[in-house]
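> As you go down the protein sequences, you meet chains E and L in turn. Counting with UniProt numbering, you get residues 1 to 265 for the letters of the first sequence. Counting with UniProt numbering, you get residues 1 to 265 for the letters of the second sequence. First the structure, then my questions, so here it is.
There are 2 protein chains.
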Amino acid sequence: MTRIACCQLDPAIIDLEGNDERITAAVADASAAGAEVIVLPELVTSGYMLADEAEARSVALTPDDARFAKWSAAAGDSFVVLGFCELGRDGLLYNSAAVLDGGAVAAVYRKTHLWDREKLIFTRGLELPPVMQTRYGAIAVMLCYDLEFGELTRRAVVDGADLIVAPVNWPLFPRPEGEHPGEVITAMSTARTNHVAVAVCDRAGVERGQRWTEGTAIVSADGWVVAEAGPGEVTVTADLDLSLSRNKMLTEYVHLLEDRRLDLY
Amino acid sequence: MTRIACCQLDPAIIDLEGNDERITAAVADASAAGAEVIVLPELVTSGYMLADEAEARSVALTPDDARFAKWSAAAGDSFVVLGFCELGRDGLLYNSAAVLDGGAVAAVYRKTHLWDREKLIFTRGLELPPVMQTRYGAIAVMLCYDLEFGELTRRAVVDGADLIVAPVNWPLFPRPEGEHPGEVITAMSTARTNHVAVAVCDRAGVERGQRWTEGTAIVSADGWVVAEAGPGEVTVTADLDLSLSRNKMLTEYVHLLEDRRLDLY
Numbered sequence: 001m002t003r004i005a006c007c008q009l010d011p012a013i014i015d016l017e018g019n020d021e022r023i024t025a026a027v028a029d030a031s032a033a034g035a036e037v038i039v040l041p042e043l044v045t046s047g048y049m050l051a052d053e054a055e056a057r058s059v060a061l062t063p064d065d066a067r068f069a070k071w072s073a074a075a076g077d078s079f080v081v082l083g084f085c086e087l088g089r090d091g092l093l094y095n096s097a098a099v100l101d102g103g104a105v106a107a108v109y110r111k112t113h114l115w116d117r118e119k120l121i122f123t124r125g126l127e128l129p130p131v132m133q134t135r136y137g138a139i140a141v142m143l144c145y146d147l148e149f150g151e152l153t154r155r156a157v158v159d160g161a162d163l164i165v166a167p168v169n170w171p172l173f174p175r176p177e178g179e180h181p182g183e184v185i186t187a188m189s190t191a192r193t194n195h196v197a198v199a200v201c202d203r204a205g206v207e208r209g210q211r212w213t214e215g216t217a218i219v220s221a222d223g224w225v226v227a228e229a230g231p232g233e234v235t236v237t238a239d240l241d242l243s244l245s246r247n248k249m250l251t252e253y254v255h256l257l258e259d260r261r262l263d264l265y
Numbered sequence: 001m002t003r004i005a006c007c008q009l010d011p012a013i014i015d016l017e018g019n020d021e022r023i024t025a026a027v028a029d030a031s032a033a034g035a036e037v038i039v040l041p042e043l044v045t046s047g048y049m050l051a052d053e054a055e056a057r058s059v060a061l062t063p064d065d066a067r068f069a070k071w072s073a074a075a076g077d078s079f080v081v082l083g084f085c086e087l088g089r090d091g092l093l094y095n096s097a098a099v100l101d102g103g104a105v106a107a108v109y110r111k112t113h114l115w116d117r118e119k120l121i122f123t124r125g126l127e128l129p130p131v132m133q134t135r136y137g138a139i140a141v142m143l144c145y146d147l148e149f150g151e152l153t154r155r156a157v158v159d160g161a162d163l164i165v166a167p168v169n170w171p172l173f174p175r176p177e178g179e180h181p182g183e184v185i186t187a188m189s190t191a192r193t194n195h196v197a198v199a200v201c202d203r204a205g206v207e208r209g210q211r212w213t214e215g216t217a218i219v220s221a222d223g224w225v226v227a228e229a230g231p232g233e234v235t236v237t238a239d240l241d242l243s244l245s246r247n248k249m250l251t252e253y254v255h256l257l258e259d260r261r262l263d264l265y
């Protein structure tokens, strides 16, 4: 079993130092509680509702920033994924995810599907999400709106992902009473149609007038929510056997990947 | 607005004549109630739990069978989609959908993704689901397990579908209290990630020991269930403005199709 924790934090806009403290405390607490994979929200270092490129640039981090090593150290042996506002060596800004492992940055993924006004600030990533081979299994790392593209999630599964993790910031949309947020429904469908576990870490609170869904959820490979956050700053934890994701056969004659008609699409 | 009806019937196994009567009555009733698009279950002519190829062959219909014209006549001006056990001119058996319009068979679609033991009886279709240009909008026709393949549903939307209709037979799987059936969750996710309406017609009852989900549902393009069946033989109806499906822009900067990264996948 792998213990997965999603820390639904409420980062403060352009408060790099305050967010540093939040992140450090959250990963230390999750690690102390036995979490082996820790997921934090998208743009947790900077907040999301950045006014413009100049403001984003003022809080952008390069992947060699010493904070990443500090956060990984605070997380101990845990594998950590968090969203950050990245200043690339090319001088461009990216909405990125950092993967921290063993005290260092193991990978950086630049969001390939930018949502809404992110397009006014960030440059789109040019590479597919990584599928990291870890001691817990194969973990694909993507960000928020990426999850809405079945092309991308399927590709991660074909590339061997046992678990898809995604820092997200889901603006609150209205939904019928009793329904999961739409984004969670898509995470559930992604899980069941690919037989893959999915862990999404949303953020909490209200930022510059924007309310968030607070929809953090961990979904098992059979497509059901095994843990969800609800409102506020809360850490959600679930123990999942990620090796179950490797069996794509639902019955003797049903194989979710081999049943694709690659001759037709 | 287009009135869509899904008739969740309980066909009897290998009872071609009894099922003929059920279908005739159901489409006549739905048409009389103003339905413009009528969807019936998968294999509604034959029942689903066919023992083997010989039994399937004994109840297979060719697309020029006179029953189809009769059913279309009973449906009046309505556009009808139903599943049937097809005997092809090539002598092979197909799990097919017939599209009836104006008193005739307008199209036949042969299921491209066969589920489980269907593989022992039927041959897989070689062509993608049709997207029919109708007076109500563009309607894509697929069958059951097809819906689980985002590659296929996305393709139908790229090809212009305003509505995806699917005759299905969903064997009952356990699910947590309060959750939609998993297949409905995937239909909802398909709707919201593509901004397309979806109407799935399941069957009712128990057949040769197999319980069915009775999960018939009509989902609007924003991904919410607007009508669902529950247990038993029941016709579910919803009025949808299918033209809404043509707007893929959720915000000024979000376009569900243009945001795809076709350079990456």
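Where is the CB? At the ideal position from N, CA and C, for every residue including glycine.
Can you round the beta-carbon distance between VAL80/E and VAL27/E to whole angstroms, since I take them to be within the 8 Å contact cut?
Indeed they touch by this definition, with Cβ atoms about 6 Å apart.
> Would you mind working out which of ALA73/L, GLU151/L and PRO167/L sits nearest VAL44/L, comparing C-alpha positions?
It is PRO167/L whose Cα lies nearest to the Cα of VAL44/L.
> Tell me, which residues are paired with ILE218/E by DSSP?
ALA199/E and ALA227/E, per the DSSP bridge assignment.
> Closest Cβ-Cβ distance between ILE38/E and chain L: below 7 Å?
Taking Cβ atoms only, chain L never reaches closer than 7 Å to ILE38/E, which makes this a no.
> Hey, could you find the ends of the beta strand (DSSP E) ASN95/E is sitting in?
Counting along the chain, the beta strand (DSSP E) containing ASN95/E begins and ends at 93-101.
> Report all residues from its chain with a CB closer than 8 Å to the CB of GLN8/E; omit the five preceding and five following residues, and keep chain order.
Same-chain partners within the cutoff: PRO41, CYS201, ASP202, ARG203, ALA204, GLU214, THR216, ALA229, GLY232, GLU233, VAL234, THR235 and VAL236.
> Do PHE122/L and TYR94/L count as a contact pair if the criterion is CB distance below 7 Å?
Cβ distance < 7 Å, so TYR94/L and PHE122/L count as in contact.
> Do THR62/L and GLU36/L have their C-beta atoms within less than 7 Å of each other?
Contact: no.
> Assign TYR145/E to one of three DSSP states: helix, strand, or coil.
Helix at TYR145/E.
> How would you label ASN247/E, buried or exposed, when you count the other beta carbons within 10 angstroms and need 16 or more for buried?
Per the 10 Å Cβ criterion, exposed.
> Shortest alpha-carbon distance to ALA25/E belongs to which of GLY137/E, ALA75/E and ARG124/E?
The candidate whose alpha carbon is nearest that of ALA25/E is ALA75/E.
> Is it right to say MET249/E is buried, meaning 16 or more other beta carbons lie within 10 angstroms of its own, or is it exposed?
By the neighbour-count rule (16 or more Cβ atoms within 10 Å), MET249/E is not buried but exposed.
> On a CA-only basis, which of GLU118/L, PRO130/L, GLY91/L and ALA51/L is nearest ASP259/E? Give me that one, please.
For the residues GLU118/L, PRO130/L, GLY91/L and ALA51/L, the minimum Cα distance to ASP259/E belongs to GLU118/L.
> Opposite PHE84/L in the DSSP bridges: which residues?
Paired residue(s): SER96/L.
> Which word fits VAL165/L, buried or exposed, when buried means at least 16 other C-beta atoms lie within 10 angstroms of its C-beta?
Buried, by the Cβ-count rule.
> Should LEU240/L be flagged as near chain E, meaning a C-beta pair shorter than 7 Å?
For LEU240/L, the answer is no, since every Cβ of chain E falls outside 7 Å of its Cβ.
> If we cut at 7 Å on Cβ distances, does TRP212/L have a partner in chain A?
Protein chains E and L are contained in the structure displayed, whereas chain A is not.
> Report the residue ranges of all beta strand (DSSP E) runs contained in full by the segment 134-185 of chain L; include only those spanning at least 3 residues, in chain order.
Counting whole runs of 3 or more residues, the segment 134-185 of chain L contains the beta strand (DSSP E) stretches 137-141 and 163-167.
> Whole angstroms are fine: how far does the CA of SER31/L sit from the CA of ALA191/L?
Computed Cα separation, rounded: 25 Å.
> For the beta strand (DSSP E) holding LEU250/E, just list the boundary residues, first then last.
First-last of the beta strand (DSSP E) with LEU250/E: 249-251.
> With the cut-off set at 7 Å, would you say ALA106/E and ALA138/E are in Cβ contact?
Not a contact, by the Cβ cut-off of 7 Å.
> May I have the straight-line CA-CA distance separating ARG261/L from ASP64/L, to the nearest angstrom?
For ARG261/L and ASP64/L, the distance between alpha carbons rounds to 43 Å.
> Could you compute how far the alpha carbon of ALA187/L sits from the alpha carbon of GLY223/L?
Rounded to the nearest angstrom, the two C-alpha atoms are 8 Å apart.
> What are the boundary residues of the beta strand (DSSP E) that includes ASP239/E?
Per DSSP, ASP239/E belongs to the beta strand (DSSP E) from 234-240.
> PRO176/E versus chain L: which residues are under 7 Å apart at the beta carbon?
By Cβ distance, chain L contributes TRP224.
> Any beta carbon from chain E within less than 7 Å of HIS113/L's own beta carbon?
Taking Cβ atoms only, chain E reaches closer than 7 Å to HIS113/L, which makes this a yes.
> Could you tell me whether the Cβ of MET188/L comes closer than 7 Å to any Cβ of chain E?
Answer yes: the Cβ-Cβ gap between MET188/L and chain E drops below 7 Å somewhere.
> Give every residue of the same chain whose Cβ lies closer than 6 Å to the Cβ of GLY125/L, excluding the five residues on either side of it in the sequence, and list them in chain order.
Hits under 6 Å: ARG110, LYS111 and THR112.
> Please name the residue or residues paired with HIS113/L in a DSSP beta bridge.
Bridge partners of HIS113/L: none, in fact.
> Tell me, please, which residues DSSP counts as bridged to LEU61/L.
In DSSP, LEU61/L forms a bridge with GLU86/L.
> Between which two residues does the alpha helix (DSSP H) carrying ALA25/E extend?
Looking at the DSSP string, the run of the alpha helix (DSSP H) that includes ALA25/E is 16-32.
> Taking the Cβ atom as the reference point for each residue, do HIS195/L and ALA227/L lie within a distance shorter than 7 Å?
No.
> My output table needs one value for GLY258/L: the three-state DSSP class, helix, strand or coil.
At residue 258/L the sequence reads Glu, which differs from the Gly that was named. In the structure shown, GLU258/L sits in coil (DSSP, three-state: anything other than H, G, I, E or B).
> Using the beta-carbon of each residue, which ones in chain L are nearer than 9 Å to THR251/E?
Ordered by position in chain L, the residues that pass the 9 Å Cβ test against THR251/E are TRP115, ASP116 and ARG117.
> If the criterion is Cβ atoms closer than 7 Å, does the pair ALA73/L and GLY103/L meet it?
Contact: yes.
> Leaving out the 5 sequence neighbours to the left and right, which residues in its chain are closer than 7 Å to GLY88/E when beta-carbon positions are compared?
Same-chain partners within the cutoff: TYR94.
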